[in-house]
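Comments concern the structure below.
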Amino acid sequence: MKQPLIVLTGPTAVGKTALSIRLAKAIGGEIVSADSMQVYRHMDIGSAKVTPGEMDGVPHYLIDVLDPRDSFNVVTFQQMAKEALREIYSHGHIPVIAGGTGFYIQALLYDIDFKENEDSSPVRRELEALAEREGERAPQLLHAMLRQVDPEAAAQIHANNIKRVIRAIEYFRQTGEKISLHNQQEKEKESPYNFLYYVLNTDRALLYERIDRRVDLMMEQGLVEEVKALKDMGCRRGHTSMQGLGYKEILDYLEGRCSLDEAVYILKRDTRHFAKRQLTWFKRERDVRFLNLPDFGGDVSNVLKQILEDCAKQGIVLQ
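The letter at position 58 of the sequence shown is residue 279 when you use the working numbering, and the numbering goes up by one with no holes.
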């Protein structure tokens, strides 16, 4: 029998956090964050991290668990999230996956195997030695090698992500198969969960207004000071955490690349673009149900009522 699971996602600033907490309280749930920035400690303002007060007693997982100098990727997320699910199920509760990182949600929901074997192979050691010898030329050189054997993977993996480029070449050399084909087959797998997958959305103009308000609030709350403190801790542009929205723009300001007004303008603009990309991703996903707030009179209570009705129909109830 498949274990129950609810996913609540949507574009940034749409109101996922508040709804996920109300949902968890209504069904006896616990929340697993699917957010690539809230996982980091000391990064509260720029990530719009849920506060202990907002949690309202609902247990949250994958919040404040990594140092901002640590790397975090889909494979790490998948491993940590699976561990969280095991714990939640052991409590007899229902997990609610809440957050806007669609790729992470997909990886967990369909249990995608990324073939991330940590054991070093002779092929990997050879490619890593090549990367070290070539220095700055390594990313383009390795990416060209990948393009020859698996152009689809090369289109999906950035040249600067040397680790993933090397893994993709290694996979081809060891199996004779393209990792892009393997990943596509993985995405088409049936989910091991009895799940409901929701995308909360609203009118674009209203969403963009909410985004602008959120950025203004972040500035009032001290985003510049937060990024300064991270910089003082040794966080640099190359760290995964510093590539998040809000952090890279303020870092540009602190390093004299732009004025503060320009940084705020760019942050608002890029956050709107990000929200648009999130929606494009979710529209391509299987099994999603869109919850458009205007269809519910803009009332989140009506949205919650719909979700609870769906849970009853699908047999997603406390164990």
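No residue lacks a Cβ here, since even glycine has one placed at the ideal position from N, Cα and C.
By the CB criterion at 7 Å, A374 and I333 fall outside the cutoff. Cβ contact annotation for L512 (same chain, cutoff 6 Å, sequence separation greater than five): Y419, L421 and V524, in chain order. Distance from I309 to E251 at the Cβ level is roughly 5 Å; contact confirmed, criterion being Cβ atoms closer than 8 Å. At a cut-off of 4 residues, the continuous stretches assigned as alpha helix (DSSP H) that sit fully inside the region 264-321 are 273-276 and 295-311. Here S268 really is in contact with M258; their C-beta atoms are around 4 Å apart, less than 8 Å. If the five residues before and after S241 are omitted, its C-beta is found closer than 6 Å to the C-beta atoms of L229, I252, V317 and A319, all from its own chain and listed in chain order. Beta-carbon to beta-carbon, H263 and L451 are separated by about 6 Å, close enough to satisfy the 8 Å threshold. L363 has its alpha-carbon roughly 51 Å from the corresponding atom of A247. In the DSSP annotation of this structure, the continuous segment of the beta strand (DSSP E) that includes F416 starts and ends at Y414 to N422. Judged by pairs of C-beta atoms under 8 Å, the region 483-492 touches the region 436-443, as three or more such pairs exist. DSSP assignment within the region 497-526 yields the following whole beta strand (DSSP E) runs of 3 residues or more, N-terminal first: 509-513. T297 and A484 have their C-alpha atoms roughly 31 Å apart.
Spanning the alpha carbons of R354 and P413 requires a straight line of approximately 44 Å. With 16 or more other CB atoms across the displayed protein chains lying within 10 angstroms of its CB, R388 is buried. With respect to the C-alpha of Q405, the residue from H379, D371 and I383 having the closest C-alpha is D371. When the five nearest sequence neighbours on each side are left out, the beta carbons in the same chain lying within less than 6 Å of the beta carbon of F335 are those of V296, in order along the chain. Rounded to the nearest angstrom, the gap between the Cα atoms of D520 and I471 is 35 Å. For F324, the closest alpha carbon among the candidates K534, W502 and D508 is that of W502. Between R385 and I378, the C-beta spacing is below 7 Å.
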